[in-house]
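Q: Here the sequence shown is numbered in this note's numbering, starting from 3 and rising by one per residue. Just passing along the structure, written as structure tokens.
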Amino acid sequence: MADQQNIAQAARKEWMGLLARAPEEALMTLWSEFETPPSFDWLRNPEVGGVMVRGRTGGTGAPFNLGEMTVTRCSLVLQDGTVGHGYVQGRSKDKAEVAALIDALMQTEAATEVRAQIIAPLSQQMQASKTARAAKAAATKVEFFTMVRGED
Numbered sequence: 003m004a005d006q007q008n009i010a011q012a013a014r015k016e017w018m019g020l021l022a023r024a025p026e027e028a029l030m031t032l033w034s035e036f037e038t039p040p041s042f043d044w045l046r047n048p049e050v051g052g053v054m055v056r057g058r059t060g061g062t063g064a065p066f067n068l069g070e071m072t073v074t075r076c077s078l079v080l081q082d083g084t085v086g087h088g089y090v091q092g093r094s095k096d097k098a099e100v101a102a103l104i105d106a107l108m109q110t111e112a113a114t115e116v117r118a119q120i121i122a123p124l125s126q127q128m129q130a131s132k133t134a135r136a137a138k139a140a141a142t143k144v145e146f147f148t149m150v151r152g153e154d
């Protein structure tokens, strides 16, 4: 039972992270092609706020405050009682609403359809963008080498 719960939490963490990082235009385009959005009630209307981003030197050092970041969050409940949350970077209340709706739908029987029509294509788009960025960075890589002088 605990293993199934851990797997479900890991899967939810993955799709919520994907929705939070996704470019707004790509997410909204995929959402507009999805079937009619379900009706819902707000638990928390979309609201804009800030969070402190922390970092660690080398990933293991002492934590330090890196800076602040703007986020938008909301929570909603579908008519069947499923609760969805949306946390996104920036000030887009529409993106937060869509993220919360997708989060809620991914917890219902519509999960397979949502994964096929929104999550998978979004993941592929973001992976392609990441690969293109890495290729562009690799093209500017400079290889340094040292020549050893011969001894007299």
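By construction, the Cβ of each residue, glycine as well, lies at the ideal position given by its N, Cα and C atoms. Every value quoted in this text rests on a predicted model; they were computed, and no experiment measured them.
Taking buried to mean at least 16 other C-beta atoms within 10 Å of its own C-beta, is Met54 buried or exposed?
A: exposed
Q: Grouping DSSP H, G and I as helix and E and B as strand, with all else coil, what is Thr84?
A: DSSP places Thr84 in coil when its eight states are reduced to three.
Q: For Lys143 and Ser125, what's the separation of their Cα atoms in angstroms?
A: In this model, Lys143 and Ser125 are separated by some 27 Å (Cα to Cα).
Q: On a Cα-Cα basis, can you pick out the residue from Val116, Phe42, Ser77 that is closest to Leu32?
A: For Leu32, the nearest C-alpha among the options comes from Val116.
Q: What residue from Gln7, Gly51, Leu107 has the CA that sits closest to Pro39's CA?
A: Closest option to Pro39, Cα to Cα, is Leu107.
Q: Would you be able to state if there are at least three C-beta pairs under 8 Å between the segment 65-75 and the segment 119-135?
A: no
Q: What residues in its chain sit with their C-beta under 6 Å from that of His87, if we drop five residues either side in the sequence?
A: Ser77, Ala102, Asp105
Q: Of all the options Pro25, Leu68, Phe42, which has the alpha carbon lying nearest to the alpha carbon of Val85?
A: Per the C-alpha coordinates, the member of Pro25, Leu68, Phe42 positioned closest to Val85 is Phe42.
Q: Beta-carbon separation of Val79 and Leu45 under 7 Å?
A: yes
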